[in-house]
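What the sequence shown shows, in my numbering, is residues 4 to 431, in sequence order.
Okay, so here's the structure we're looking at.
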Amino acid sequence: MNLLLIGSGGREHTLAWKLTQSPLCSQLFIAPGNAGTALCGTNLPISISDFDALAAACKQHNIDMILVGPEEPLVKGIYDFFKNNPDLQNIKVVGPSKEAAQLEGSKAFAKAFMQRHNIPTAAYKEFTSDKYIEGVEYIKTQSLPIVLKADGLAAGKGVLICQSYLEAMAEFELMLLCSKFGEAGKKVVIEEFLRGIELSIFILTDGKNYVLLPEAKDYKRIGESDTGLNTGGMGAVSPLPFVTDEFLQKVKTSIIEPTIAGFKKDKLDYKGFVFLGLMNNDGEPSVIEYNCRLGDPETEVVIPRLKNDLVQLLTATIEQRLNEVTIETDDRAVAAVVAVSGGYPGDYIKGEIIHGLQESVLPGSIVFHSGTKKEGDAIVTNGGRVLTVTSFGKTITEAVEQSNYMLEKLYFEGMYHRNDVGFEFKES
Ligand code: AMP
Ligand code: GLY
């Protein structure tokens, strides 16, 4: 089978690494990919949103199946683009339809879905500019902190946790009346602040059945001890000691099963990964957000723990046979630590030469590329998040220590990584 993987981050290098391990994968193409995916298959210089160019490449390379890494093409309707074109219908896209991808593309859509299907989530109300005054009144009735969310995709920046009423009202005004997040903020969701420990649960669904993948926790803040600005993710660990069988059972019955039943009831065409961003409050799970894809850097720990053949899993998804599949996972702990460019998540320089890539690979570790590209013989930085080092260990602490050790062998000007990924799980 010939496969096309869309995306260019650490998630996509990890997926490419896993897909090529399958005997069912004849040829793998990645659009646009990075210097790491180029080690697994053929990179194609095509933008993730250029559906016409992607379709032409699929024809040229006889692609049978497309796996979409990031949300943007899904929210823009890549699934429907292929499905509705008689010339392209035989090319199967793993991912939700445009309508179903609204679960990530519109916070208001996701909240209404959860409310309709009785899925536990923070209480909320949505407002557009014509309801500005009502919104301000609503803010005054809420307890602090107050969470404001731009409805649409806002490059991960559209969620604000406001510690005072003044801040909440100012931000609400900036979003609704001053287009702080452009189109994405034309509608604003105001919601209750949830307390507890965040975690990420991933499922793969064929619209009728689902399989549960290993859980993960990511570390979003740039600074150690979870301080400083939010990033795309500075590290991840799996498994999580607090995810007991009892907790998972609650997640299944109160969240996953109603979600799948909701897809059926609402006639949402969804054959792909669902990323549930959850809050665990004293053993009670609720949904913070849905994403219609895998997470990054969560994928860098979830996929290495997955023992199943990924091409087989994706085929079963397309053929709605996931009920026949049993997921097998590696019991070892896995940690991913991300090395970023100096200045990230603010401005940073690209094009720094990365040293040590050849020398530094230890058994039990994998270096996944995020923002990298080949320039002549060198591999250079090409983004904020540059490399993710994934390691296995007997414990999370051991896995994190090995990734940190490996990162000492890697170097590019301005390189930074957190040393304390998994800090809550450190054995004393
Ligand atoms: P999202 O873009 O929905 O992933 O939100 C970004 C981050 O904001 C989440 O990962 C949480 O840390 C935080 N967050 C979002 N909604 C809430 C909420 N209702 N209560 C507490 N934290 C939240
Ligand atoms: N690591 C969070 C995300 O991928 O959205």
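We put the CB at the ideal spot given by N, CA and C, even for glycine.
Over what stretch of residues does the beta strand (DSSP E) that includes Gln-446 continue unbroken?
Not covered by the structure: residue 446. The range shown for the chain is 4 to 431.
Taking only runs of the beta strand (DSSP E) that begin and end inside the stretch 99–133, which ones reach a length of at least 3 residues, in chain order?
127–131
Hey, out of Val-343, Leu-316, Leu-360, Tyr-408, whose CA is closest to Lys-433's CA?
Absent from the structure is residue 433, since the part of the chain shown begins at 4 and ends at 431.
Do you know whose CA, among Pro-348, Ser-368, Ile-193, lies nearest Ala-338's CA?
By one-based count along the sequence shown, residue 338 stands at place 335. Of the candidates Pro-348, Ser-368, Ile-193, the one whose C-alpha sits nearest the C-alpha of Ala-338 is Ser-368.
Completely contained alpha helix (DSSP H) runs for the stretch 46–82, where each covers 4 or more residues
Runs found: 54–63, 74–78.
Determine the closest residue to Phe-1 out of Leu-163, Glu-174, Gly-36, Asp-269, with distance taken between C-alpha atoms.
Outside the modelled stretch of the chain, which goes from 4 to 431, sits residue 1, for which no answer is possible.
Limits of the unbroken alpha helix (DSSP H) element including Ala-239:
In the sequence shown, counting from the first residue as 1, residue 239 sits at position 236. Looking at the DSSP string, Ala-239 is not in any alpha helix (DSSP H); the run it does join, the beta strand (DSSP E), is 238–241.
Name all residues in chain order for which at least one heavy atom of the ligand GLY lies closer than 6 Å to the residue's CB.
Asp-221, Gly-236, Asn-294, Gly-298, Asp-299, Glu-301
Thinking just about the alpha-carbon of each residue, which of Glu-194, Pro-217, Lys-110, Leu-215 is nearest to the one in Lys-143?
By 1-based counting over the sequence shown, the position of residue 143 is 140. For Lys-143, the nearest C-alpha among the options comes from Glu-194.
Can you tell me where the beta strand (DSSP E) with Ile-9 in it begins and where it stops?
The residue labelled residue 9 in the question sits at position 6 within the sequence shown. Ile-9 -> beta strand (DSSP E) spans 5–10.
Inter-residue spacing [alpha-carbon to alpha-carbon] between Phe-130 and Asp-229
Your numbering for residue 130 matches position 127 in the sequence shown. Your numbering for residue 229 matches position 226 in the sequence shown. Phe-130 and Asp-229: Cα-Cα distance of roughly 31 Å.
Do you know how far the Cα of Ile-204 is from the Cα of Ile-81?
Taking the sequence shown and counting its residues from 1, the one referred to as residue 81 is at position 78. Taking the sequence shown and counting its residues from 1, the one referred to as residue 204 is at position 201. Each residue's alpha carbon lies about 24 Å from the other.
Asn-294, enclosing beta strand (DSSP E) - first and last residue:
Along the sequence shown, one-based indexing puts residue 294 at 291. Start and end: 287–294.
Can you name the residues that DSSP bridges to Phe-205?
Here residue 205 corresponds to residue number 202 of the sequence shown, with the count starting at 1. Note: Phe-205 sits in a beta bridge opposite Phe-278.
6 Å CB neighbourhood of Ala-113 in its chain, flanking five on each side removed:
Within the sequence shown, numbered from 1, the residue matching residue 113 stands at position 110. Excluding its 5 nearest sequence neighbours in each direction, Ala-113 has C-beta neighbours in its own chain below 6 Å: Leu-106, Tyr-293, listed in chain order.
At the level of alpha carbons, what is the spacing between Ala-59 and Cys-43?
If you number the sequence shown from 1, residue 59 lands on position 56. If you number the sequence shown from 1, residue 43 lands on position 40. Our two residues, Ala-59 and Cys-43, have alpha carbons roughly 22 Å apart in a direct line.
Cα-Cα separation, Gln-63 to Asn-5:
Numbered from its first residue, the sequence shown carries residue 63 at position 60. Numbered from its first residue, the sequence shown carries residue 5 at position 2. Gln-63 and Asn-5: Cα-Cα distance of roughly 11 Å.
Phe-50 to Gly-10, Cα distance in whole Å?
On the sequence shown, residue 50 is found 47 positions in, with the first residue counted as 1. On the sequence shown, residue 10 is found 7 positions in, with the first residue counted as 1. A small fix is needed here, since residue 50 is Ser in this sequence, not Phe. Going from the Cα of Ser-50 to the Cα of Gly-10 covers about 9 Å.
When you compare only the Cα positions, how much space is there between Cys-28 and Val-314?
Taking the sequence shown and counting its residues from 1, one reaches residue 28 at position 25. Taking the sequence shown and counting its residues from 1, one reaches residue 314 at position 311. Linking Cys-28 to Val-314 through their CA atoms gives a straight-line distance of about 7 Å.
Rounded to whole angstroms, what is the Cα-Cα separation between Gly-226 and Leu-365?
Along the sequence shown, read from residue 1 onward, the residue named residue 226 stands at position 223. Along the sequence shown, read from residue 1 onward, the residue named residue 365 stands at position 362. About 26 Å.
Cβ distance (whole Å) where Ala-319 is taken to contact Leu-410 below 8 Å:
Indexing the sequence shown from 1 puts residue 319 at position 316. Indexing the sequence shown from 1 puts residue 410 at position 407. Contact flag wrong, Cβ pair sits at about 36 Å.
Does the distance from the CB of Ser-344 to the CB of Ile-356 come in under 8 Å?
Start at 1 with the first residue of the sequence shown, and residue 344 comes out as number 341. Start at 1 with the first residue of the sequence shown, and residue 356 comes out as number 353. Not in contact: Ser-344 and Ile-356 (Cβ atoms no closer than 8 Å).
For Glu-186 and Gly-36, the rounded distance between their alpha carbons:
Position 33 of the sequence shown, counted from the start, is the residue given in the question as residue 36. Position 183 of the sequence shown, counted from the start, is the residue given in the question as residue 186. Taking the straight line joining both Cα atoms gives about 28 Å.
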